[in-house]
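Data first, discussion second: the structure below is written as structure tokens.
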Amino acid sequence: MLTVSCAKNLPAKPEVTDTACDWVNIIYLTEHDIEVMDSQTKKDILTHNKAWQANCKPEKAQKYAPE
Numbered sequence: 320m321l322t323v324s325c326a327k328n329l330p331a332k333p334e335v336t337d338t339a340c341d342w343v344n345i346i347y348l349t350e351h352d353i354e355v356m357d358s359q360t361k362k363d364i365l366t367h368n369k370a371w372q373a374n375c376k377p378e379k380a381q382k383y384a385p386e
């Protein structure tokens with residue numbers, strides 16, 4: 320036996336909450352880190368930090384950041 324029903328209310332629309340900025344942060348380096356790292360690692364860290372600044376930096380800090 321088949322049972323068919325018609326829902327009057329559509330299911331709740333799923334909401335996606337981005338939590339990346341809750342667990343991702345800028346990577347800080349010491350002078351020693353800079354001396355011993357290869358170029359590619361330095362570039363990767365710079366890319367990560369720029370992405371963090373573009374996506375996660377607090378509004379107040381962005382407003383007063385030097386350009």
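If you use this note's numbering, the sequence shown closes out at 386, no skipped numbers anywhere. We put the beta carbon where it would ideally sit given N, CA and C, even for glycine. Here the structure is a predicted model, which means the values were calculated and not measured.
Expected contact under 8 Å - CB spacing of residue i and residue j to nearest Å
i              : j              : result
asparagine 368 : isoleucine 345 : 5 Å
Residue i in three-state terms, based on DSSP
i             : result
valine 355    : helix
leucine 348   : coil
threonine 336 : coil
lysine 376    : coil
alanine 370   : helix
Candidates the options: closest to residue i by CA position
i           : options                           : result
leucine 348 : Pro377, Asp363, Ala370 and Asn328 : Asp363
alanine 370 : Glu350, Asp357 and Val343         : Val343
proline 377 : Ala331, Thr336 and Asp341         : Asp341
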